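Structure first, then comments.
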Amino acid sequence: MEFGELHPLTLAFRSREMEREYWTRRVPRMRGRTVIAVGLVLVLYTAFGLLDPWIVPEIVRQAWLIRGLVLALCAALILATRTRLFARAHQLLLLSLPLLGGLGILAIMSASGETGRLLYYVGLILAIMWTLLFADLRFPLALGASVYLVVGYELIALVISPLPLPVVVNNTFFLTGALMMASFSGYTRERAERVNFRQSLVIEQERRKSEELLLNILPREVTEQLKSSGGTVARSFAEASILFADIVGFTTLSARMGAEETVGMLNRVFSFFDSLVDKYEVEKIRTIGDNYMVVAGVIGRKKFQYDVWGEAVNTASRMESHGLPGQIQVTAAAHELIRGSFRCRPRGRISVKGIGPMDTWLLLGRREEPA
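Residue numbers (the working numbering): 576 to 946.
Put into structure tokens, the structure is as follows:
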């Protein structure tokens, strides 16, 4: 995904794909916040209704009717957060509350006497703060709704139900000041949220790259263990098959051959071994000189950042170094595991360096029918 820049005024991502992703992730979190924010309006709009008999006694019924309609809108918005409609039209739904709720305050002011017109403008300040700071409205919509409230007040105070000019100027200063502060805060808040979202996408992308890299060299189960614990991963296996293969007389052979010819021979031999590793899904551990080491039943396939150690590795190495040219020598324990599917003949007891006497077997081939 392209990590687009933000438009300096609207704060929308210039990338449409990124803008869609932003809202796709944001909407689920908006539901709970919207319930709280609209619930706050519901409580305050109801509480301020207790002032109506004192401040606007002459129109108290009309005021309560207006408040009732706004409260019904609040209830409808809360219910809408549980529907698919909210995901499709959340901005329109949220915008309806400051527009209609603010219109309700303006209507009460317009119909009331001078006392109501002098005092109730404070409700517009609360509406501006809610719109820009509490509602999950895009900044341009929140700013437009807030300007609409200020302009509505000016129409009432100067044209519809005029107030003394000093009062209008004073109230306009307070409304404009609240609008400016809330706008600055709302702008910086949304910008920070969008920048954080963009940064989270970058982090997710880098994490995916890291996981893909890990999965190229580690099995998924080991990758998950590293992600969860962060420590060194070491595992013990009760059974494993380990093979060391060596070119007989390599030192003498390489002394007779040139460097390029020797490397070419090793490349052909090890490439053939690699094809067998792929065919039988065993794990290539390492090559050292002319020595090729593989293991089965331990890690997984094609994961090259591994090592294995333990007594079994030492024993397997001795089977190779004490073996016979052109033969595969196995321990008695390995013979017991494979005797039903493979033909072996006993080599007898041999003295193994660092281990002592051992009974070993030579692997002849696969049985035509399992024993």
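Each residue gets a CB set at the ideal place from its N, CA and C atoms; glycine is no exception. Please read these numbers as outputs of a predicted model, since none were measured by experiment.
Legend entry - Selection from Ile641, Val870, Tyr597 and Glu836 that minimises the alpha carbon distance to glutamine 774: Tyr597
Inset, instruction - Check whether the Cβ atoms of valine 883 and valine 870 lie closer than 8 Å to each other. - result: yes
Inset, instruction - Within 10 angstroms of the Cβ of phenylalanine 847, are there 16 or more other Cβ atoms? Answer buried if so, exposed if not. - result: exposed
Inset, instruction - Could you check the C-alpha separation between arginine 876 and valine 838 for me, to the nearest Å? - result: At arginine 876 the pLDDT is 43, less than 50, meaning the model places this residue with poor confidence; the figure from the coordinates comes in the next sentence. Going by C-alpha positions, arginine 876 is about 26 Å away from valine 838.
Inset, instruction - Please name the residue, chosen from Ala753, Gly624, Tyr696 and Thr935, that lies closest to glutamine 902 on a Cα-to-Cα basis. - result: Considering only alpha carbons, the answer is Thr935.
Inset, instruction - From the DSSP output, read off the bridge partner residues of leucine 776. - result: In DSSP, leucine 776 forms no bridge with anything.
Inset, instruction - Could you check how far apart the C-beta atoms of leucine 669 and aspartate 711 are, in whole angstroms? I think they sit under 8 Å. - result: 6 Å
Inset, instruction - Taking the CB atoms as reference points, tell me whether leucine 581 and arginine 713 lie closer together than 8 Å. - result: Against a cut-off of 8 Å, the Cβ pair of arginine 713 and leucine 581 comes out as no contact.
Legend entry - Short Cβ contact (8 Å threshold) for isoleucine 703 with leucine 648: no
Inset, instruction - Check glycine 940 in the structure and name its three-state DSSP category. - result: strand
Inset, instruction - Could you check the C-alpha separation between serine 721 and methionine 605 for me, to the nearest Å? - result: 21 Å
Inset, instruction - Classify phenylalanine 879 as buried or exposed, calling it buried when 16 or more other Cβ atoms lie within 10 Å of its own Cβ. - result: Residue placement at phenylalanine 879 is poorly supported in this model, since its pLDDT is 47, which falls under 50; the coordinates are not used for a value here.
Inset, instruction - Express the C-alpha separation of leucine 730 and isoleucine 778 in angstroms, rounding to a whole number. - result: 50 Å
Inset, instruction - Answer yes if the region 906–920 comes into contact with the region 827–845, meaning at least three C-beta pairs across the two stretches below 8 Å, and no otherwise. - result: Contact between the region 827–845 and the region 906–920 is absent, because fewer than three Cβ pairs lie under 8 Å.
Inset, instruction - Taking serine 758 as the reference, give the member of Val616, Ala717 and Thr656 with the closest Cα. - result: From the listed residues Val616, Ala717 and Thr656, the smallest Cα separation to serine 758 is found for Ala717.
Inset, instruction - Return the first residue and the last residue of the alpha helix (DSSP H) that glutamine 904 is part of. - result: Per DSSP, glutamine 904 belongs to no alpha helix (DSSP H); it is in the beta strand (DSSP E), 903–906.
Inset, instruction - Return helix, strand or coil for arginine 783, following the three-state DSSP convention. - result: It is helical.
Legend entry - Check whether isoleucine 683 and valine 725 have beta carbons under 8 Å apart: no
Inset, instruction - May I have a chain-ordered list of the alpha helix (DSSP H) segments no shorter than 4 residues that lie completely inside the region 696–744? - result: 696–704 and 714–730
Inset, instruction - Check the C-beta distance from alanine 732 over to asparagine 745 and give it rounded, since I have them as a contact under 8 Å. - result: No, alanine 732 and asparagine 745 are not in contact; Cβ-Cβ is about 11 Å, not under 8 Å.
Inset, instruction - Can you give me the Cβ contacts of threonine 621 inside the same chain, cut-off strictly under 8 Å, excluding the 5 residues immediately before and after it? - result: Taken in chain order, the residues that qualify are Arg642 and Leu646.
Inset, instruction - Determine the DSSP secondary structure at leucine 818, reduced to helix, strand or coil. - result: strand
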